[in-house]
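Chemist:
In UniProt numbering, the protein residues as written are 1 to 95.
1) Buried or exposed: which applies to residue 41, given that a residue is buried once 16 or more other Cβ atoms fall within 10 Å of its Cβ?
2) Got a sec, what are the start and stop residues for the alpha helix (DSSP H) residue 30 sits in?
3) Where does residue 51 fall in DSSP's three states?
4) Looking at the structure shown, is residue 62 part of a helix, part of a strand, or coil, going by DSSP?
5) Could you give the distance in angstroms between the alpha-carbon of residue 34 and the alpha-carbon of residue 12?
6) Are residue 70 and residue 46 close, meaning C-beta to C-beta below 9 Å?
7) At the 9 Å Cβ level, is residue 55 part of the contact set with chain C, yes or no?
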């Protein structure tokens with residue numbers, strides 16, 4: 001729903017569980033996403049000149065290793081790892 005490519009595909013929607021539109025980690029400009037993917041590719045010694053080669057190389061890297069590589073990246077941390085007592089959001093009492 002956030003992408004311009006989905007324009008006209010939805011008449012109504014209910015967004016649940018999160019704030020994708022206002023979170024910096026959930027939606028990035030193309031330039032920033034390209035920069036970040038290049039950083040990750042270089043970390044795993046993947047070629048960055050050609051997108052197809054970069055994609056093939058990163059697909060061979062276990063997801064757990066990619067997650068570990070961005071574990072301390074403040075921008076991704078809220079989305080990937082629990083914060084307190086094993087929960088991303090602390091439990092609350094509802095009335």
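Note that beta-carbon positions come from the ideal geometry of N, C-alpha and C, so glycine has one too.
Modeler: Based on what the coordinates show:
1) Here residue 41 corresponds to residue number 41 of the chain shown, with the count starting at 1. Buried.
2) As a first step, residue 30 is located in the chain shown; it is residue number 30 there, counting from the start. From DSSP, the alpha helix (DSSP H) with residue 30 extends over 30 to 43.
3) Position 51 of the chain shown, counted from the first residue, corresponds to residue 51. Here residue 51 sits in helix by DSSP.
4) Here residue 62 refers to the residue found at position 62 of the chain shown. The answer is coil: DSSP assigns residue 62 none of H, G, I, E or B.
5) Numbered from 1 along the chain shown, position 34 holds the residue referred to as residue 34. Numbered from 1 along the chain shown, position 12 holds the residue referred to as residue 12. Distance between the alpha carbons of residue 34 and residue 12 is about 31 Å.
6) Here residue 70 refers to the residue found at position 70 when the chain shown is read from its first residue. Here residue 46 refers to the residue found at position 46 when the chain shown is read from its first residue. Residue 46 is positioned such that its CB atom lies no closer than 9 Å to that of residue 70.
7) In the structure shown, chain C cannot be found, because there is only a single protein chain.
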